[in-house]
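Engineer: Supplied in structure tokens, the structure appears directly below.
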Amino acid sequence: MIVRSKAPLRIGLAGGGSDVSPYSDIYGGIILNATINLYAYCTIEETDDGLVTIESYDTECFEHYPLSRNLEIDGKASLLKGSYNRVMQDYNIPLRACKITTYNDAPAGSGLGTSSTMVVAILKAFVEWHSLPLGDYEIARLAYEIERKDLNLSGGKQDQYAAAFGGFNYMEFLKDDMVIINPLKVKRWIVDELEASIVLYFTGRSRSSAAIIDEQKKNVASGNTMSIEAMHRIKQSAVDMKLAVLKGDMHEFARILGQAWEDKKKMAGAITNPMIEEAFAVATAAGALAGKVSGAGGGGFIMFFVEPTKKKAVLDALDKLDGYTVHFNFTDGGAHGWKIYETDRVESLKH
């Protein structure tokens, strides 16, 4: 039997960073994000070779391990191994030889939540394989614990919940790791207008978010007034942008996006750099109204907001830089999995 799963990546629209402890524990965080049609994928195949085989294309890890309930965390495919270990630890799953294959539609460190989305995809595959009693909240919470607690990786909470739930979501992050997800029903014409108005540009350079997030956490923990006040405004931007999205007020959307980017740059020194500033200058000169870096900053994707009739000019201008633009659509569905039996594969090959 073969099990497959996919989970959508996300664009952070507003509030990014307020989901990171200790800020969310002290003040509460609010995030507005939306998933797009770029995905993390996982396939689990039952085998009879007595091994656990890992093929992680994002980390270029292709290894065979003796069948075990615990794989050593050695810096190779840590997300996959951490997910495997936690599921085997928490649930009474029969020990079976298998091959686990994972890959992403976007590069690691791109700012679209690739790492957390991958963990959700892996967990969804295990849920499908063994019929585990886990809903969207439980999968997202488990993914968060695997990354932040088991593997001690720096980051927030929004990506796991975006991948599990899908769609446009207004998220509240409270103390004691309490999370409330409020799905938004956005009118079709508003979704179409947003897709027509947003340019997604990859700078060509991935980055590790850990150092940026650690600086952000340090600034909050030490009581850095400028950083904390900037984060308060970023959190409020999620409240304001939710209203703008639901009303279809694109002028207000652009204004909030631009102000949030200015506030975000006050959270840590490495959030922007000359490469990012050049992309902003080029896009703005071509007609972009506002923009912000997706994720922690420092590289990855930049989301620009343009008046749709200026979009082609902005695309052409950005294409002259070292990065590239990516076409996308918003998507409603969250992580899902499915089974393929050997007879299904044979029949499909016949046709």
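If you read the sequence shown in this note's numbering, its first letter stands for residue 425, the second for the next number, and so on. Note that CB positions come from ideal geometry on N, CA and C, so glycine has one too.
#1: Please check the pair W553 and I468, which I expect to be a contact at CB under 8 angstroms, by giving their CB distance rounded to whole angstroms.
#2: From I764 to E470, what does the alpha carbon distance come to, in whole angstroms?
#3: So L511 and L547 are in contact, right, with Cβ under 8 angstroms, and what is the actual spacing, rounded?
#4: Under a Cβ-count criterion, where at least 16 other Cβ atoms within 10 Å of its own Cβ denotes burial, should E686 be classed as buried or exposed?
#5: Can you give me the Cβ contacts of M665 inside the same chain, cut-off strictly under 7 angstroms, excluding the 5 residues immediately before and after it?
#6: Would you report the Cα separation of L558 and V738, rounded to the nearest angstrom?
#7: Pull up the DSSP beta-bridge partners for S480, would you.
#8: Do L503 and V543 come within 7 angstroms of each other at the CB atom, strictly closer than that value?
#9: Tell me whether G715 sits in a helix, a strand or coil according to DSSP, three-state version.
#10: What separation, rounded to the nearest whole angstrom, lies between the Cα atoms of A759 and I637?
#11: What does the alpha-carbon distance come out to for the pair K573 and P432?
#12: For E653, I'd like the list of residues in its chain whose CB is within less than 6 angstroms of its CB, leaving aside the five on either flank, ordered along the chain.
#13: Below 8 angstroms, can you find three or more Cβ-Cβ pairs linking the segment 521 to 531 to the segment 563 to 577?
#14: Touching or not, the segment 608 to 626 and the segment 480 to 493, by the rule of three or more beta carbon pairs under 8 angstroms?
#15: Quick check on M691: does DSSP put it in helix, strand or coil?
Structural biologist: Result, derived from the coordinates:
#1: 6 angstroms
#2: 11 angstroms
#3: As written in the sequence, residue 511 is Val, which differs from the Leu given in the question. At roughly 7 angstroms, the Cβ-Cβ gap stays under 8 angstroms, so V511 and L547 are in contact.
#4: exposed
#5: L437, A438, L456, F677 and I680
#6: It is roughly 43 angstroms from the alpha-carbon of L558 to the alpha-carbon of V738.
#7: C485 and T526
#8: yes
#9: strand
#10: 26 angstroms
#11: Across the structure, K573 and P432 are spaced so that their CA atoms are roughly 23 angstroms apart.
#12: none
#13: no
#14: Contact between the segment 608 to 626 and the segment 480 to 493 is absent, because fewer than three Cβ pairs lie under 8 angstroms.
#15: Residue state, collapsed to three classes: coil.
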